[in-house]
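Q: Protein chains in written order, with this note's numbering: chain P, 1 to 282; chain D, 283 to 568. Glycine included, C-beta positions come from ideal geometry on N, C-alpha and C.
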Amino acid sequence: MVSLLLDPIVITVALGAALLGMTAGALGAFAVLRRESLIGDTMSHAALPGVALGFLLAGQRSLPAMLAGAMVTGLAAALFSLYLSSLHRIKRDAALGVALGLFFAIGVVGLSYAQKRPGAAAAGLETFLFGQAAATLRSDLWLLGAVTLVAGAVVTLLWKQLKIVTFDPDFAQAAGFDRRRHEALLTGLLALAIVIGLQTVGVVLMSALVVAPAVAARQWSASLGVMFWLAGALGAFSAVTGALISAQVSGLATGPLVVVVATAVVALSLLFAPRRAVQLEP
Amino acid sequence: MQALFDDIGFTIVLTGMLAAGSTALLGSFLVVRGQALLTDAISHGIVLGIAVTFLLTGFTTGPVQLLGAGAAGVATVLVTEALSASGRVRRDAATGLVFPAMFALGVLLLSLFARDVHVDPHTVLLGEIGYVWLDTVPLLGVAVPRSLLVLGAMFLLNLLFVAAFYERLAAAAFDPVQAGLRGLHPKAVSAGLLALTSMTAVAALDAVGVVLFVTFAIVPAVVGLLLARRLSGVVLVALGTAGFAAVAGYWAAVALDLSIGGCMAAMTGIPLLLALTPLKRAWQMS
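Right under this line is the structure:
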C-alpha cells in the first residue's frame, strides 16, 4: 500500500485529479446558485467537436490544443443556445437540447474522422467520452495547475462582484456593477471548470462533477465562502477516489467512478447535514 | 422480401428513419410542453435499467429489457421530481444530478459484469447502426434485423398513440388546466407520453445510443416549431426532418467514410439552419 502511494504514476494521477476536482467543484458553487447546471451539461457535451478539432489542428494528442478547442466549441454552443432561446416560441430547455444534440453529433462525426488519421495517436481520443485518469501525463499537471491558479486568482480578486451578481443581479446592476461582463465571466469560469476535467472524467459526465459537489456543500452551509471551499474539497475527494480506483482496475473508465463517488457524497449530505436535515417525522 | 433485408444500406437507412421518426414524433409533443430535456434524463436513466435487468434476468434484449429499462427511464423522472419537490435541491441541479448518477452507475455495472455481452458502454453511448443488420430474427420465414423489427413496432405504437389521443395530447400540452376541466385526463396523457418516450429510448438504443436519441427528439421538433403554425404541422415537419436526416446522413457517412449515427444526427442541423435563414419566409409565404 505504501509502495503504491509512492508510485510516481499514481502520484501524477492523484495530483491531476485533485487539481481538476477542486477547480470544478469550487466553481460549481457559482453555477449551481445561478441555476446553470444544465448549461454545464450542454457545454460539456459540446466540447467533443472541440477536442477532435484541437487534435486535428495540433496533428497529435496535445492536451492544451484539445482543451482550447473544447473551450471554444463549448462556449459557441452556449451562445447558440442563447440565440435560439431568443427566438419566438423556442423555450430555454429546447434551445439547450438543440445545442447539446447537434454539437455532440458533430463531435461524433469529427471523432470518426480523426480516427482515420494514420498513427496510433488518435486511438486514445475515445477516452475523452468517459474519461481515463491513467492518461494523465506529468506535463499535464502544469496545465491543470495553471488553470487552477488563474481561476483562483480571478475569483479572489473579484469575489465581491461575483457574489453580488450571483445572488442579486438586478441589485448589482443598480449598484453600478457591469452586470453583463460579470455574468459572462462566470459563464467563462464554468466553461473552464468543465474543460479542465475532460481528459479524466470525459465529456458525457463532466458536468455532474461540477454540479454534485456544490449541491452537497449547499446542504452544509448557507455561506458562499464556505460552500465554495467545501465544494472544492468534496470535488477533489470525489475525483481522486474515482481516479485511483480506475487506475488500479483495468477496463473501468474514470468518469462513471468519479460521478458515483460524488453522488454518494450528495446522498450522505442530504441525509446527515444538520442545517437542512430531512424531516422524517412531521 | 428477403432480398430487401439482405441489402445492408436499405436496412441501415430504414432503421435510422424508424429510430429518428419514432423519437421525433414524441419529441414534438415534449418540446411543445416545455419538457425537451426530459428526453436527456430518460435516455441516460435507462442505462441503469438495462444493467440491472441484465443482472437480474440475463436478458440483453426483448420485451423484458424493454419493460425493465423503460421503467428505469420513468424512475429517472420521478426521482428528479421528488428531489426538486423536497426543496433542498433546485430543479435544474436535481436534473443535472440524478440522470448522470444513474447513467454512471449503469455504465459501471455494465463494465464490471457484462464485458462479454454486446451491451458495452461505448455502444450504449453512441449506438451501432452500422451493424444492426447482423442480428436478425425470423419472422414469417424472413430473417428480419431485430432492431428494425423493434423500431418498426415502436413507430407504429407511437403513431397509434398520437392518432388516438391527438386532441388530448394537444389540450394537455397547451392548457392542462382546461384539459382537466373538460375531462380529457391530461395527467394520464402525460404519463402515457412519458412511458412511450422511455420505451422508445430503449428501442432506439442499439441504433443511435443515449445522446443521439436526444438530438432526434429535440432538433426536428424545433425545426417544426420554427416553420409550422399548427401542432399537426410541427409534427409533420419534425417527421420530415427525421426522415431527411436518416437518408442524407447515411449518404454522407458512406461517401466520406464517417460515423453513420453521428452523420444522421448531425444532418438534422441542415433543416434547422434552413429554418433559421430567409428561406423560412419563403416557406411561410407559400
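How many Å lie between glycine 59/P and isoleucine 164/P at the Cα?
A: Each residue's Cα considered, the two are about 44 Å apart.
Q: Are there 16 or more other CB atoms within 10 angstroms of the CB of histidine 45/P, so buried, or fewer, so exposed?
A: Its Cβ being crowded by 16 or more others within 10 Å, histidine 45/P is buried.
Q: Roughly how many whole angstroms lie between the Cα atoms of valine 329/D and glycine 352/D?
A: Rounded to the nearest angstrom, the two C-alpha atoms are 10 Å apart.
Q: Alpha carbon to alpha carbon, what distance is there between valine 204/P and threonine 129/P?
A: Here residue 129/P turns out to be leucine, not threonine, going by the sequence shown. Answer to the nearest angstrom: the Cα atoms are 6 Å apart.
Q: By the 10 Å Cβ neighbour count, where 16 or more other Cβ atoms means buried, how is arginine 464/D classified, buried or exposed?
A: The residue in question, arginine 464/D, is exposed, as its Cβ has fewer than 16 Cβ neighbours within 10 Å.
Q: Arginine 35/P touches chain D at which residues, Cβ-Cβ below 7 Å?
A: Correct list: Arg372 and Asp374.
Q: For valine 424/D, which residues does DSSP report across the bridge?
A: According to DSSP, which records beta bridges pairwise, valine 424/D is partnered with Leu421/D.
Q: Which whole-angstrom value is the C-beta distance of leucine 270/P and arginine 34/P, which I expect to be below 8 Å?
A: In fact, because the Cβ distance is near 21 Å, the residues do not count as touching under 8 Å.
Q: Alpha carbon to alpha carbon, how far is leucine 38/P from leucine 312/D?
A: If you take the alpha carbons of leucine 38/P and leucine 312/D, they lie about 17 Å apart.
Q: Between the region 415 to 430 of chain D and the region 363 to 381 of chain D, can you find at least three pairs of beta-carbon atoms closer than 8 Å?
A: The answer is no - the region 415 to 430 of chain D does not touch the region 363 to 381 of chain D, with fewer than three Cβ pairs under 8 Å.
Q: When the Cα atoms are used, what is the spatial distance from aspartate 7/P to alanine 247/P?
A: Their Cα atoms are separated by approximately 12 Å.
Q: Going straight from the alpha carbon of leucine 554/D to that of proline 169/P, what length do you get?
A: If you take the alpha carbons of leucine 554/D and proline 169/P, they lie about 33 Å apart.
Q: Quick one: is proline 256/P near chain D, going by C-beta distance under 7 Å?
A: By this cut-off, proline 256/P is an interface position.
Q: Does any residue of chain P bring its CB to less than 7 Å from the CB of leucine 540/D?
A: Cβ-Cβ to chain P under 7 Å: yes for leucine 540/D.
Q: Does any residue of chain D bring its CB to less than 7 Å from the CB of glycine 101/P?
A: Interface residue, yes.
Q: Beta carbon of threonine 497/D, beta carbon of alanine 105/P: below 7 Å?
A: Yes; because the gap between Cβ atoms is below 7 Å, this pair is in contact.
Q: Roughly how far, in whole angstroms, is the beta-carbon of glycine 303/D from the beta-carbon of phenylalanine 495/D, given that I think they are within contact range, below 8 Å?
A: About 13 Å separates the two Cβ atoms, so there is no contact after all.
Q: Can you pull the chain P neighbours of leucine 379/D, defined as C-beta to C-beta under 8 Å?
A: Per Cβ cutoff of 8 Å: Ser37, Ala208, Val211, Ala212, Val215, Thr263 and Val266.
Q: Taking just the CA atoms, how far does serine 514/D sit from serine 570/D?
A: Residue numbering for chain D in the displayed model covers 283 to 568; residue 570/D lies beyond these limits and cannot be assessed.
Q: Around the Cβ of glycine 225/P, are there at least 16 other Cβ atoms within 10 angstroms (buried) or fewer (exposed)?
A: So glycine 225/P ends up on the exposed side.
Q: Does the distance from the CB of leucine 407/D to the CB of valine 492/D come in under 7 Å?
A: Yes, they are a contact pair.
Q: Mind checking if leucine 205/P is an interface residue toward chain D, Cβ cutoff 7 Å exclusive?
A: Yes, contact with chain D.
Q: Under a three-way DSSP split, which group does histidine 576/D fall into?
A: With chain D represented from 283 up to 568, any question about residue 576/D goes unanswered, as that position is not in the structure.
Q: Run through DSSP, which three-state label would leucine 392/D get?
A: Reduced to three states, the DSSP call for leucine 392/D is helix.
Q: Which residue wins for smallest C-alpha separation from methionine 384/D, given the options Leu521/D, Leu433/D and Gly355/D?
A: Taking only the C-alpha atoms, the option nearest methionine 384/D is Gly355/D.
Q: May I ask which residues mark the beginning and end of the alpha helix (DSSP H) holding serine 368/D?
A: Element bounds for serine 368/D: n/a, residue is neither H nor E.
Q: Grab the span of the alpha helix (DSSP H) containing threonine 335/D for me, first residue to last.
A: Element bounds for threonine 335/D: 320 to 339.
Q: Using three-state DSSP, classify histidine 404/D as helix, strand or coil.
A: Three-state result, histidine 404/D: helix.
Q: Using C-beta distances below 6 Å, list every residue in its chain close to threonine 136/P, excluding the 5 sequence neighbours before and after it, in chain order.
A: Answer for threonine 136/P: Thr12, Val13 and Gly16, listed in chain order.
Q: Quick check on tyrosine 532/D: buried or exposed, where buried means 16 or more other Cβ atoms within 10 Å of its Cβ?
A: Its Cβ being crowded by 16 or more others within 10 Å, tyrosine 532/D is buried.
Q: What residue does the alpha helix (DSSP H) around alanine 212/P start on, and which one ends it?
A: Start and end: 206 to 220.
Q: Between glycine 316/D and chain P, is the shortest Cβ-Cβ distance under 7 Å, so that the two count as touching?
A: Cβ-Cβ to chain P under 7 Å: yes for glycine 316/D.
Q: Please confirm whether serine 429/D and alanine 499/D have their CB atoms less than 7 Å apart.
A: No, Cβ-Cβ distance for serine 429/D and alanine 499/D is not below 7 Å.
Q: Going by DSSP in three states, phenylalanine 447/D sits in which element: helix, strand or coil?
A: The answer is coil: DSSP assigns phenylalanine 447/D none of H, G, I, E or B.
Q: Just to confirm my understanding: we take glycine 551/D, look at its own chain, exclude 5 residues before and 5 after, and list those with CB closer than 8 Å. What are they?
A: Within the same chain, glycine 551/D has close Cβ partners Val501.
Q: What residues in its chain sit with their C-beta under 6 Å from that of alanine 95/P, if we drop five residues either side in the sequence?
A: Once the five neighbours on either side are set aside, the close Cβ partners of alanine 95/P are Ser81, Leu84 and Ser85.
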